[in-house]
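Following the numbering used here, the numbering of the sequence shown begins with 5 at its first residue and continues without gaps. The beta-carbon is built from N, C-alpha and C at its ideal position, and this holds for glycine as well.
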Amino acid sequence: MPPATVDLTEAARFVQLFKISGATATKQKPGYTAASRAFTVGGLDWLIEFPYGGSGNWIMFRARLISKGSGGVAASFGCRLVDPSPQGLVVDSPVEVIKSSIFYENRSLDVCLIKWSDLESSRHRKPKDDCIFVQCALTVLEPKDAVAWEAAEDAVASVPSSDLHLQLGELLRSQKGADITFVVAGEPVPAHRSVLAARSPVFMAGLFGDMREKASAIVEINDMEVEVFKAMLRFVYTDTVPELEQKGEQATLMAQHLLDAADRYGLERLRRICVEEMCRNIGVDTVATTLALAEQHGCSELKSRCMKFILATPGNLHAVAATEGYKHLEASCPSVLTELLNLMVKGNK
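1) Would you report the Cα separation of A29 and F239, rounded to the nearest angstrom?
2) R284: which of E100, L297, K251 sits nearest, CA to CA?
3) Say yes only if the C-beta of G210 is nearer than 7 Å to one or more non-hydrogen atoms of the ligand GDP, and no if none qualify.
4) Could you round the C-beta distance between Q44 and Y56 to whole angstroms and report it? I think they count as a contact, below 8 Å.
5) According to DSSP, is I225 part of a helix, a strand, or is it coil?
6) Tell me whether D355 is buried or exposed, calling it buried when 16 or more other Cβ atoms sit within 10 Å of its Cβ.
7) What are the boundary residues of the beta strand (DSSP E) that includes E53?
8) Please determine, among E109, Q20, T342, D289, the residue with the shortest C-alpha to C-alpha distance to R41.
9) Taking the runs of the beta strand (DSSP E) that are 3 residues or longer, which of them lie wholly in the stretch 191 to 274?
10) Ignoring anything shorter than 4 residues or poking outside the stretch 106 to 148, list the alpha helix (DSSP H) runs there in chain order.
11) Closer than 6 Å by C-beta to L176: which residues in its own chain qualify, once you throw out the five before and the five after it? Chain order, please.
12) Please state the DSSP three-state secondary structure of S71.
13) Looking at C-alpha atoms only, which residue of G60, K119, L297, E53 is the closest neighbour of L257?
14) Only counting the same chain, and skipping five residues up and downstream in sequence, which positions put a Cβ closer than 6 Å to that of R203?
15) Whole angstroms is fine: what's the gap from S104's alpha carbon to A79's?
16) V291 lies in the alpha helix (DSSP H); which residues open and close that run?
17) To the nearest whole angstrom, what separates the beta carbons of I52 and L123, a pair I think is in contact under 8 Å?
18) Strictly by DSSP, which residues pair up with C83?
19) Under three-state DSSP, which class holds A189?
20) Anyone know if the C-beta pair for A182 and A195 falls short of 8 Å?
21) Around the C-beta of H322, are 16 or more other C-beta atoms found within 10 angstroms, so that it is buried, or is it exposed?
22) Classify V340 as helix, strand or coil using the three-state DSSP reduction.
23) Measure the CB-CB distance between A235 and L262 and report whether it falls below 8 Å.
24) Once you ignore the five residues that flank G92 on each side, which residues in its own chain have a CB closer than 7 Å to its CB?
25) Does the separation of the CB atoms of Y108 and F207 fall below 8 Å?
26) When the Cα of A15 is compared with those of L345, N226, A141, L315, which residue comes out closest?
27) Return the CA-CA distance between L271 and T342, expressed in angstroms with no decimal places.
28) S121: which of D243, K331, N61 sits nearest, CA to CA?
29) From the DSSP output, in three-state form, read off G60 for me.
30) For Q260, does the count of other Cβ atoms within 10 angstroms reach 16, so buried, or fall short, so exposed?
31) Classify K307: buried if its beta carbon has 16 or more other beta carbons within 10 angstroms, exposed otherwise.
32) Can you tell me whether A182 is helix, strand or coil according to DSSP?
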């Protein structure tokens, strides 16, 4: 039986594949730098940069620490050319460079990967569009104290939090494997049948039942705004609704539209999220349309809160009655106005 292993150090790692199109043409624009989005490794924020023209005769990549007030961070930065074909990605490239350094705020580390002259004949360069693929890896050393070393043998590794929502969100964003396209207000929106069916009983019936969409790869939706449909899809894939994190009326308007979508596709959790959002943000400009929706969708709690807001003061009632939403309420749900009148009469007794 082999001896127990004790980790003396811990490290966090970030790996990203970059595509450089028109690689050799970048030599003609020295002084310009392309940069990745900021990412977090070891609790610190970093960038990976590609300086056009590189360093003299070399193609160069750069790792930069951008976290404020940080310093004394040990990290290594490695780059390697890869063949993007399915066969090439599984074979280690002989063109690989790894360097390490101590980083401080805004300190960078350059890796000279390959000479421009060698790139011309490299199998990793695709002559058709003069592109190369470079895999960059940043590893940040995280110190481990002596107490942790002593307890390592008995310790159980903590289970990382689930990132399923991030993975499914990336699947939606990348559109990889999409097997159905919704055309919403003329705009195509690709998606995945299995994900939709797993989350919505309506999609399950529509895509895998006897309804007409079963065999169709394109489904037209003409009675919903495309941004609302995309927000609903994002919820289906990630169980989150970032659109409702906006402040004020915009979030309420989106919640109103999404409530319609949630009821239409049987998304009960999304329905509850929208109701909660509207309950928190009842105001003069939106309360009448929210009340109409509450009546139409059977949201008794939301309906009660809207009525209490309208009848709270005479000023509220007069202000709401002057809005376009009140006209909509009057036309679509006249019975609600009768209820309001009865409550107002009872309150005056």
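For this structure:
1) The alpha-carbon atoms of A29 and F239 are separated by roughly 42 Å.
2) The shortest C-alpha separation from R284 is found at K251.
3) As for the ligand GDP, it is missing from this structure, which has no ligand bound.
4) One point to set straight first is that residue 44 is Thr, not Gln, in the sequence displayed. Your pair T44 and Y56 does not check out as a contact, with CB atoms roughly 26 Å apart and the cut at 8 Å.
5) Looking at I225 - three-state DSSP - the assignment turns out to be strand.
6) This structure does not reach residue 355, given that the chain is present from 5 up to 353, and the question cannot be answered.
7) It spans 48 to 55 - the beta strand (DSSP E) in which E53 sits, taken as one unbroken run.
8) Ranking the options by Cα distance to R41, first place goes to Q20.
9) Within the stretch 191 to 274, the complete beta strand (DSSP E) runs of at least 3 residues are 191 to 195, 222 to 225.
10) Taking 4 residues as the shortest admissible run, the stretch 106 to 148 contains the following complete alpha helix (DSSP H) segments, listed from N- to C-terminal end: 120 to 124.
11) Counting only Cβ-Cβ distances below 6 Å, and skipping sequence neighbours, we find Y241.
12) Coil at S71, not helix or strand.
13) The alpha carbon of L257 has as its nearest neighbour, out of G60, K119, L297, E53, the alpha carbon of L297.
14) Around R203, the same chain offers V240 as residues with beta carbons nearer than 6 Å, after the five sequence neighbours per side are excluded.
15) Each residue's Cα considered, the two are about 6 Å apart.
16) Annotation: the continuous alpha helix (DSSP H) that includes V291 extends over 291 to 300.
17) About 19 Å; that fails the 8 Å criterion.
18) For C83, the beta-bridge partners assigned by DSSP are V101, C140.
19) Three-state result, A189: coil.
20) A contact, by the Cβ cut-off of 8 Å.
21) It counts as exposed.
22) V340: helix per DSSP, three-state reduction.
23) One thing to note: A235 has its Cβ within 8 Å of the Cβ of L262.
24) Summary for G92: the model assigns pLDDT 43, below 50, so the residue's position carries little reliability; its value from the coordinates is reported in the next sentence. Around G92: V86.
25) For Y108 and F207, no; Cβs fall outside 8 Å.
26) The residue with the shortest Cα to Cα distance from A15 is A141.
27) Using only the alpha carbons, I get a separation of about 31 Å.
28) For S121, the nearest C-alpha among the options comes from N61.
29) Coil.
30) Residue burial is scored here from C-beta neighbours: Q260 has at least 16 other C-beta atoms within 10 angstroms and is therefore classed as buried.
31) Classification of K307: buried, given that the 10 Å Cβ count is 16 or more.
32) In the structure shown, A182 sits in coil (DSSP, three-state: anything other than H, G, I, E or B).
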